[in-house]
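A.B. asks: In this note's numbering, the protein residues as written are 25 to 368.
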Ligand SMILES: [Zn+2]
């Protein structure tokens, strides 16, 4: 029996030495040390042995098990190490190869225009204010001098959630909310950028969702000339230093007087082209002196305070600036379109 065990040991150790991968090694472990292995088998026959022999054989069998297990473990470490070495060699990085370019995104052209306008006004001491896109009828219309049934409401057909709650049709409710926050004390100098919604049928120049930026200044002694000066700086910053502006009378319920603001054509220097439709002027925004009713409703004394407000559509500005011919490009997320504004 002793001989049998030593033979098994030598046989097993030989196989371990010859093993070339971890799978073979695992098979050897199962074959010799497993419950159905030959060593276990030998030990089962121990009942036939004398009392003196039994402990000797038992001890020898255990010793052999340990030797085999020890050899397997050290061979396993050896093989694992070799495998790592092999992997490292195969996966060597050639640092002289040119790198793969990482694809980076860029600002959406609308966001770029909004940020450019924000930067300009923040530099002039304005703060940026935001408000809810789901708005009450009161802030969207009534607080802006548009009582229920006012005909000018028809120009801003909206998505109603209930009779009193709707998706805001302009960013002007942010003005009303901010004025309230100031509790009748100026100065107020804010711009409000954000998304607005109207029940329009989408086409090249209309979208049911679009963006606006409005500005509002309320203080003592604010005059129309302050508005004109501010807009002139704005037009020159966005469309070039040589630009001029002109004001045309218009109507908005929340301002009195109200004006439409045109900028001199940057494309043809006022000679007349398709951008300005041959007139030399391009309409860019609406503005006016804040209506006393709007000030009073927000708790401002309209005898003491006056203000001006202006509002524009970043879509229109971006379309003019970059020569974009269809407003729907902004909202269809075509990467080929968006990628063109990497520098924007
Ligand atoms: Zn022109």
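By construction, the Cβ of each residue, glycine as well, lies at the ideal position given by its N, Cα and C atoms.
Provide the residue span of the alpha helix (DSSP H) that contains residue 28, from first to last.
C.D. replies: From DSSP, the alpha helix (DSSP H) with residue 28 extends over 26 to 42.
A.B. asks: In whole angstroms, give me the CA-to-CA distance for residue 368 and residue 345.
C.D. replies: At residue 368, the pLDDT of 47 sits below 50, so the modelled position is not reliable; the number obtained from the coordinates is stated separately. Distance between the alpha carbons of residue 368 and residue 345 is about 10 Å.
A.B. asks: Less than 8 Å between the CB atoms is what I'm expecting for residue 221 and residue 232, so what's the real figure, rounded?
C.D. replies: Between residue 232 and residue 221 the Cβ distance is about 6 Å, and since that is below 8 Å, they are a contact.
A.B. asks: In chain order, what are the residues with a CB under 5 Å from some non-hydrogen atom of ligand 1?
C.D. replies: That gives 289, 291, 292, 297, 299, 300.
A.B. asks: Beta strand (DSSP E) containing residue 190: first to last residue?
C.D. replies: Residues 189 to 191.
A.B. asks: Short check: CB of residue 33 to CB of residue 88, under 9 Å?
C.D. replies: Their beta carbons are under 9 Å apart, which means residue 33 touches residue 88 by this criterion.
A.B. asks: Give a yes or no on whether the C-beta atoms belonging to residue 201 and residue 155 are separated by under 9 Å.
C.D. replies: In this structure, residue 155 lies closer than 9 Å to residue 201 by Cβ.
A.B. asks: Taking the C-alpha atoms as reference points, what is the distance between residue 96 and residue 49?
C.D. replies: Distance between the alpha carbons of residue 96 and residue 49: 7 Å.
A.B. asks: Only counting the same chain, and skipping five residues up and downstream in sequence, which positions put a Cβ closer than 7 Å to that of residue 288?
C.D. replies: The residues are 267, 268, 294, 304, 305.
A.B. asks: Under the assumption that residue 212 contacts residue 241 (Cβ atoms under 8 Å), give the Cβ distance between them as a whole number of angstroms.
C.D. replies: Contact flag correct, Cβ pair sits at about 7 Å.
A.B. asks: Which residue wins for smallest C-alpha separation from residue 217, given the options 248, 197, 44?
C.D. replies: Residue 197 is the option with its Cα nearest to residue 217.
A.B. asks: Please report the straight-line C-alpha distance between residue 325 and residue 274, rounded to a whole angstrom.
C.D. replies: Answer to the nearest angstrom: the Cα atoms are 25 Å apart.
A.B. asks: Restricting to Cα atoms, I'd like to know which of 320, 262, 167 is closest to residue 209.
C.D. replies: Answer by Cα proximity: 320.
A.B. asks: With H, G and I counted as helix, E and B as strand and the rest as coil, what does DSSP make of residue 98?
C.D. replies: Correct three-state label for residue 98: helix.
A.B. asks: Would residue 246 and residue 330 be called neighbours here (beta carbons separated by less than 9 Å)?
C.D. replies: Yes, they are a contact pair.
A.B. asks: Answer yes if the region 65 to 80 comes into contact with the region 118 to 127, meaning at least three C-beta pairs across the two stretches below 8 Å, and no otherwise.
C.D. replies: Output reads no: the region 65 to 80 does not touch the region 118 to 127.
A.B. asks: Measuring only the C-alpha atoms, how far is residue 38 from residue 99?
C.D. replies: Taking the straight line joining both Cα atoms gives about 12 Å.
A.B. asks: How about the region 143 to 154 and the region 174 to 186: do they share at least three Cβ pairs that are nearer than 8 Å?
C.D. replies: Contact between the region 143 to 154 and the region 174 to 186 is absent, because fewer than three Cβ pairs lie under 8 Å.
A.B. asks: Among residues of its own chain, excluding the 5 on either side of residue 261, which ones have a beta-carbon nearer than 6 Å to its beta-carbon?
C.D. replies: These residues qualify, in order along the chain: 144.
A.B. asks: May I ask you to report which of helix, strand or coil DSSP gives residue 333?
C.D. replies: It is a strand residue.
A.B. asks: To the nearest angstrom, how far is it from the Cα of residue 236 to the Cα of residue 157?
C.D. replies: One C-alpha to the other measures close to 12 Å.
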